[in-house]
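Position 89, counted from 1, in the sequence shown is what UniProt numbering calls 89; the numbers after and before it change by one each time, with no gaps. We put the CB at the ideal spot given by N, CA and C, even for glycine.
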Amino acid sequence: MDSAEYERKIASRFATFDQDGSGYIDREDFSTAARAVLAEFGVTARSDKGQALFAGAEAFWQGMAGIADVDGDQRVSREEFVTGAAKRLRDNPE
Numbered sequence: 001m002d003s004a005e006y007e008r009k010i011a012s013r014f015a016t017f018d019q020d021g022s023g024y025i026d027r028e029d030f031s032t033a034a035r036a037v038l039a040e041f042g043v044t045a046r047s048d049k050g051q052a053l054f055a056g057a058e059a060f061w062q063g064m065a066g067i068a069d070v071d072g073d074q075r076v077s078r079e080e081f082v083t084g085a086a087k088r089l090r091d092n093p094e
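Here it is, written out as structure tokens:
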């Protein structure tokens with residue numbers, strides 16, 4: 001897959017993470033996704049599974065922000081997301 005094709009594919013993933021359609025991915029988008037999963041499976045947020053899911057969502061957010069949030073505004077723009085994902089692929093090709 002060439003770089004342009006990869007960037008097109010990863011850009012399409014952006015909307016999946018941008019839960020509220022704000023044009024940015026932020027911590028709240030991950031919390032929203034976690035709440036939706038809990039609701040779908042009838043699990044309470046205070047349960048061990050619920051807490052584990054929120055911890056995982058926070059870890060995922062921290063990882064993404066660490067790679068992609070280049071301006072440090074605690075949100076990831078579409079451009080930052082695509083650039084960060086492409087960089088990660090180049091740095092970790094396997």
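- Between the stretch 42-56 and the stretch 74-82, the count of C-beta pairs closer than 8 Å stays below three; the two stretches do not touch.
- Assigned with DSSP and collapsed to three states, V82 falls in helix.
- Around the CB of A57, 16 or more other CB atoms lie within 10 Å, so the residue is classed as buried.
- Counting the other Cβ atoms within 10 Å of the Cβ of D29 gives 16 or more, which makes it buried.
- Rounded to whole angstroms, the gap between the alpha carbons of T32 and A4 is 31 Å.
- If only complete runs of 3 or more residues are kept, the stretch 4-47 shows the beta strand (DSSP E) at 24-26, in order along the chain.
- Here V37 is near L53, since their CB atoms are less than 8 Å apart.
- Sixteen is the threshold: when 16 or more other Cβ atoms of the shown chains lie within 10 Å of the Cβ of E80, as they do, the residue is buried.
- Of R88, V82, A86, K87, the smallest CA-CA separation from F14 is found for V82.
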